[in-house]
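S.K.: Per the working numbering, the very first residue in the sequence shown carries number 9; after that it's consecutive.
Using N, Cα and C, we set each Cβ at its ideal position, and we do this for glycine too.
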Amino acid sequence: MREFEPGVRCFWGMQELIRLLPGVVRTRVGYSGDDDKLRPTYRDHGKHAESIEIVFDPKVTDYRAILEYFFQIHDPTTRNRQGNDFGLSYRSAIFYADDTQRLVAQDTIADVEASGLWPGSVVTEVVPAGEFWEAEPEYRVLNTRAAGQG
């Protein structure tokens with residue numbers, strides 16, 4: 009199994025979309041992207057982005073396919089904003105686990121830019137994954153696949 013964390017808009021809706029992708033084994037919502045070691049909360053998560061930890065089966069899907077979907081379901085051209093949500097929490101980011109993931113993310117961004125799918129430049133950050141802090145229980149939707157799907 010492999011995993012990575014994209015930083016996304018409000019994590020609830022995104023988790024629902026991503027967790028149903030073929031090959032996605034598990035998802036968890038939480039916070040990533042701040043060096044602060046204090047436990048973030050939904051009401052106070054500093055510079056963390058709302059993010060989703062994605063565990064996937066590389067025999068069924070790959071990192072690139074999930075990234076391509078990620079770029080279809082959020083606007084990567086608005087800095088620190090997704091829809092009505094704004095601030096650092098809602099920045100577009102990819103938190104990579106290793107150099108291979110970093111290179112694939114950068115190549116995917118270059119292809120998204122070249123595609124003309126989005127007006128404007130992609131502002132998605134590509135940064136090393138730090139600590140992932142799982143969201144409080146009341147903010148979790150489902151941390152596993154839907155019943156009967158995985």
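(1) Is the beta carbon of valine 134 within less than 6 Å of some heavy atom of the ligand COA?
(2) At what residues does the alpha helix (DSSP H) containing arginine 72 begin and finish?
(3) Is it right to say glycine 38 is buried, meaning 16 or more other beta carbons lie within 10 angstroms of its own, or is it exposed?
(4) Would tyrosine 71 and valine 112 qualify as a contact pair, given that the criterion is a beta-carbon distance under 7 Å?
(5) Flag this pair as yes or no: are the beta carbons of proline 84 and valine 130 separated by less than 7 Å?
(6) So what's glycine 31 in DSSP terms, helix, strand or just coil?
(7) Taking the alpha carbon of proline 30 as the reference point, which residue from Lys55, Lys45, Phe103, Tyr77 has its own alpha carbon closest?
M.R.: Concretely, from the data shown:
(1) Among the ligands in the structure shown, none appear at all, so the ligand COA cannot be discussed.
(2) Here residue 72 is taken as the residue at index 64 of the sequence shown, counted from 1. Judged by DSSP secondary structure, arginine 72 falls within the alpha helix (DSSP H) whose first and last residues are 71-80.
(3) Residue 38 sits at position 30 when you count from the first residue of the sequence shown. Around the beta carbon of glycine 38, 16 or more other beta carbons sit within 10 angstroms, so the residue counts as buried.
(4) Indexing the sequence shown from 1 puts residue 71 at position 63. Indexing the sequence shown from 1 puts residue 112 at position 104. Against a cut-off of 7 Å, the Cβ pair of valine 112 and tyrosine 71 comes out as a contact.
(5) Your numbering for residue 84 matches position 76 in the sequence shown. Your numbering for residue 130 matches position 122 in the sequence shown. The Cβ-Cβ distance between proline 84 and valine 130 falls below 7 Å.
(6) Counted from its first residue, the sequence shown places residue 31 at position 23. Coil, per DSSP.
(7) Working through the sequence shown from its first residue, we reach residue 30 at position 22. From the listed residues Lys55, Lys45, Phe103, Tyr77, the smallest Cα separation to proline 30 is found for Tyr77.
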